[in-house]
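Data block below; observations after.
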Amino acid sequence: MVSQNYICRISESSLMPFLDLGKQPLGNGFVVESDFTHEYFYSMMVGFSPESKMVQLLNQPNPELMFHSEYAFYSSTSVTMAQHFSDFFSSVMNSPYLSKDDPFVIELGCNDGIMLKHFAKRGIKHLGIEPSINVAKVANENGVNTISEFFSSKLAGDILTNFGKADVFLAANVMCHIPHIKDVALAVSSILKKTGVLIFEDPYLGDVIEKTSYDQIYDEHVFLFSAHSVKYLFNLYGMDLIDVQWQKTHGGSMRYTISHSGEYPISDNVINLLEKEKKIGLDKSGTFDSFRVNVERSKFELTNLLKKLKSEGKRICGYGATSKSTTILNYCGIGKETIDYICDITPIKQGKFSPGMHIPILPHKTFIENPPDYALLFAWNHAEEIMAKEKNFTDSGGKWIVHVPEVKIL
Ligand code: SAH
Ligand code: TMP
């Protein structure tokens, strides 16, 4: 690992680099053949701050390279996630945080409107902030009032002037994307009513460590949060972490509730999670050295298994062209000599090639019409939904390969 001195984005103290996943392209940067010669790559390394306890990328591509008018991730492709966000909506509606009188809800990174559409349908004053123009357009078409901009304290000032303060500020799988998160924390503190809350969820560091799900590390995920790091960050802006709730989405996520300090009691969930994190060592650098060893082992086992299957003449495809798969394929050096194609239901990905390794992305019907012997489940976080859908493949002898929490054939 390079000996350059990297600085924590939160505490501005030294970072301890612990993992180098090599040259990586954009996680959602699906390419056409004419892009092959000038594809964007960067060095993907991860560090831990002993001060803020924040795990973070050492370098991140510019947000404009990742979030634009052809953003490839549409939230509503998963039925399970649609249900999850409907439940999330209900939990906000049943919470004590929405004022009776003309409540106002903001969502950062609302994508195609998967959650905010429920508020919109009930006539609740809301605003989505979504810089990727193509998905923001779908949100607007779904009746969700959405502006297409990157969130910042400057934008928060404009929102304050035009809409007033918010009761609830929501964010799912987006806070961990934002390198200028301190500005976001400042902005949130200025835009929330005195009794208002920020409720956000992201893939949880504890699950990533426990399951060796290192594919949660990719360009968009500049941070991997824990209760320790989230508490540290928001304490800087006079806010408290008042509740946490584990979620099974994305292979294990944490929902954090934050308020202005002293407005609400701090729940036992927070105290217990902080204790648990200490026990499993999320506050100590040695934990991340062990994680690196597990990542290297996972790579060894996956590449060996695939080599063995190919030597037996088996046909293998990938299932789900996830941004997570970009990390796996490029770090493990797995290309089209091993994987014939990756099937995915997202139209914008189909007919393109996987970032970096250039495996063709084909529609789901290819999987039905031309099934492989083995399907490597890149969308392992949607396993339940996919297994139910692909019962025919499994019943007719098709095999699944997973790499989380360990490399195995199901
Ligand atoms: N909330 C959705 C989408 C997650 S993907 C879900 O959980 O499924 C992350 C989304 O955040 C993308 O749609 C991306 O365009 C958006 N995003 C990225 N940076 C942002 C920023 N600085 N401000 C607001 N949204 C952002
Ligand atoms: P995610 O893991 O980031 O949510 O991405 C899931 C990807 O998998 C997305 O490109 C859609 C794709 N997918 C399928 O192709 N079929 C499915 O049944 C599901 C649930 C997802």
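In case it helps, the numbering used here puts the sequence shown at residues 18 to 427. For every residue, glycine included, the Cβ atom is placed at its ideal position computed from N, Cα and C. Since this is a predicted model, take the numbers as computed values, not measurements.
Whole-Å CB distance - residue i paired with residue j, under 8 Å assumed
| i | j | result |
| --- | --- | --- |
| Ser284 | Asp257 | Not confirmed; about 11 Å, so no contact. |
| Ser66 | Ser30 | 6 Å |
| Glu147 | Ser170 | Rounded, the Cβ-Cβ distance is 18 Å, inconsistent with contact. |
| Met83 | Ser92 | About 16 Å; that fails the 8 Å criterion. |
| Leu215 | Phe240 | With a Cβ gap of about 15 Å, Leu215 and Phe240 do not count as contacting. |
| Asp118 | Ala156 | Actually they are not in contact, since the Cβ atoms of Asp118 and Ala156 sit about 26 Å apart, beyond 8 Å. |
| Asn151 | Tyr88 | 6 Å |
| Pro42 | Phe58 | 5 Å |
| Asp184 | Val122 | 7 Å |
Cβ-based neighbour list, residue i, same chain, cut-off 8 Å, excluding 5 preceding and 5 following
| i | result |
| --- | --- |
| Lys138 | Gly160 |
| Gly223 | Ser243, Gly269, Met271, Lys293, Glu294, Ile297, Leu299 |
| Lys302 | The residue you asked about is not Lys; residue 302 is Ser in the sequence shown. Closer than 8 Å at Cβ, skipping near neighbours: Met33, Phe35, Phe65, Pro67. |
| Gln367 | Asp361, Ile378, Leu379, Pro380 |
| Trp263 | Tyr221, Gly269, Ser270, Met271, Arg272 |
| Leu471 | Outside the shown range of the chain (18 to 427) lies residue 471, about which nothing can therefore be said. |
| Thr163 | Cys127, Gly130, Leu133, Leu144, Gly145, Ile146, Glu147, Ala153, Ala156, Asn157 |
Proximity test, residue i beta-carbon vs ligand 1 heavy atom, cut-off 7 Å
| i | result |
| --- | --- |
| Ala396 | no |
| Val122 | no |
| Leu125 | yes |
| Pro80 | yes |
| Glu158 | no |
| Ile131 | yes |
| Asn45 | no |
| Ile195 | yes |
| Val191 | yes |
| Pro372 | no |
| Ser170 | no |
| Ile164 | no |
| Asn151 | no |
| Glu227 | no |
| Glu147 | yes |
| Met271 | no |
| Phe167 | yes |
Any chain B beta carbon closer than 8 Å to residue i
| i | result |
| --- | --- |
| Phe121 | Although the question refers to chain B, the structure presented lacks it and comprises just one protein chain. |
Check: residue i C-beta below 7 Å from any heavy atom of ligand 2
| i | result |
| --- | --- |
| His381 | yes |
| Ile362 | yes |
| Ile90 | Reading off the sequence shown, one finds Phe at residue 90, where the question assumed Ile. Result yes, Cβ under 7 Å from ligand 2. |
| His399 | yes |
| Glu313 | no |
| Thr411 | no |
| Thr339 | yes |
| Ser95 | yes |
| Ile385 | no |
| Lys134 | no |
| Glu402 | yes |
| Lys406 | yes |
| Lys366 | yes |
Alpha carbon of residue i to alpha carbon of residue j, nearest angstrom
| i | j | result |
| --- | --- | --- |
| Leu250 | Thr304 | 21 Å |
| Leu38 | Asn387 | 33 Å |
| Pro422 | Thr229 | 6 Å |
| Asn252 | Lys341 | 31 Å |
| Lys265 | His55 | 38 Å |
| Asp175 | Ser51 | 41 Å |
| Thr212 | Thr343 | 41 Å |
| Ile288 | His267 | 24 Å |
| Tyr221 | Val49 | 33 Å |
| Gly140 | Pro113 | 19 Å |
| Val19 | Arg309 | Per-residue confidence for Val19 stands at a pLDDT of 49, beneath the threshold of 50, marking its modelled position as unreliable; no derived number is given. |
| Val391 | Asn321 | Residue identity differs from the one stated: residue 391 is Tyr in this sequence, not Val. Spanning the two alpha carbons is a distance of roughly 15 Å. |
| Asn311 | Lys182 | 46 Å |
| Ser413 | Thr355 | 22 Å |
| Lys406 | Phe384 | 12 Å |
| Trp417 | Leu326 | 12 Å |
| Gly279 | Cys193 | 25 Å |
| Lys369 | Phe47 | 6 Å |
| Phe102 | Asp219 | 13 Å |
Cβ neighbours of residue i in the same chain (closer than 6 Å, five flanking residues each side left out)
| i | result |
| --- | --- |
| Ser95 | His399 |
| Leu133 | Glu124, Cys127, His143, Gly145, Val161 |
| Val191 | Leu125, Gly126 |
| Leu345 | The question names Leu, but residue 345 in the sequence shown is Ile. Counting only Cβ-Cβ distances below 6 Å, and skipping sequence neighbours, we find Asp232. |
Beta-carbon contacts of residue i that lie in its chain and below 7 Å, excluding the five residues immediately before and after
| i | result |
| --- | --- |
| Val247 | Leu258, Tyr273 |
| Val419 | Leu394, Trp397, Lys425, Leu427 |
| Phe168 | Leu125, Ile146, Val201, Ala204 |
| Asn22 | Ser31 |
| Lys316 | Tyr348, Cys349 |
Which ranges would you report for the beta strand (DSSP E) in the stretch 46-90 if only whole runs of at least 3 residues count? 59-65, 72-74
Enumerated in chain order, which unbroken segments of the alpha helix (DSSP H) with a length of 4 residues or greater are wholly contained in the stretch 225-257? 244-252
Ignoring anything shorter than 4 residues, give me the alpha helix (DSSP H) runs that lie fully in the stretch 330-358, in order along the chain. 340-349
Tell me the start and end of each unbroken alpha helix (DSSP H) in the stretch 100-134 that is at least 4 residues and wholly inside, in chain order. none
Please list the segments of the alpha helix (DSSP H) lying wholly inside the stretch 252-318, counting only runs of 4 or more residues, in order along the chain. 285-297
Curious, which full-length beta strand (DSSP E) runs of at least 3 residues does the stretch 141-224 contain? 142-146, 183-189, 209-220
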